[in-house]
Amino acid sequence: MKLRVGDTVQVIAGSEKGKTGEILAIKGNRVVVEGVKKVTKHIKPSQADPEGGIITVEAPIDASNVAYYDTKAKEIVKLGYKIEDGKKVRVNKKTGAVIENKKK
């Protein structure tokens, strides 16, 4: 998968189609996108959380339903790989620009 944690993506299929957000986590072939597919979870009271209650969290969606969103061009683009200075880097297939990995 060419997507990484911290990438901005746009949902291209499903009920959340058109929404954009940052990837928070990758779990197998599924991604958790900020602000997309919010679900409510009931938390049972425990020693760590004595109150318990109901919280909303983002649920994972399939990686095939999201596409990399180029924030400069304001559109979705395909990603490719290129060897540059002996390192494999991700590139924007439309413009050929190298995509830097965001560090968190």
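According to our numbering, the sequence shown is numbered sequentially starting from 1.
Quick reminder that beta carbons are idealized off the backbone N, C-alpha and C, glycines included.
Would DSSP call residue i helix, strand or coil?
i	result
N65	helix
K2	coil
Am I right that residue i and residue j are in contact with their C-beta atoms under 8 Å? What's the rounded C-beta distance?
i	j	result
E34	G21	4 Å
Grab the span of the beta strand (DSSP E) containing residue i for me, first residue to last.
i	result
I43	38–43
K27	20–27
T56	53–58
E84	79–84
Tell me which same chain residues have a C-beta within less than 6 Å of the C-beta of residue i, skipping the five on either side of it?
i	result
A42	Note that residue 42 is His in the sequence shown here, rather than Ala. Answer for H42: I54, listed in chain order.
V32	L24, A25, E58, P60
I76	Q10, A67, Y69
In chain order, what residues of the same chain have a beta carbon less than 7 Å from the beta carbon of residue i, not counting five sequence neighbours either side?
i	result
K37	E16, E58, A59, I61
Out of the options, which one is the CA nearest neighbour of residue i?
i	options	result
D85	K27, V98, K74, A67	V98
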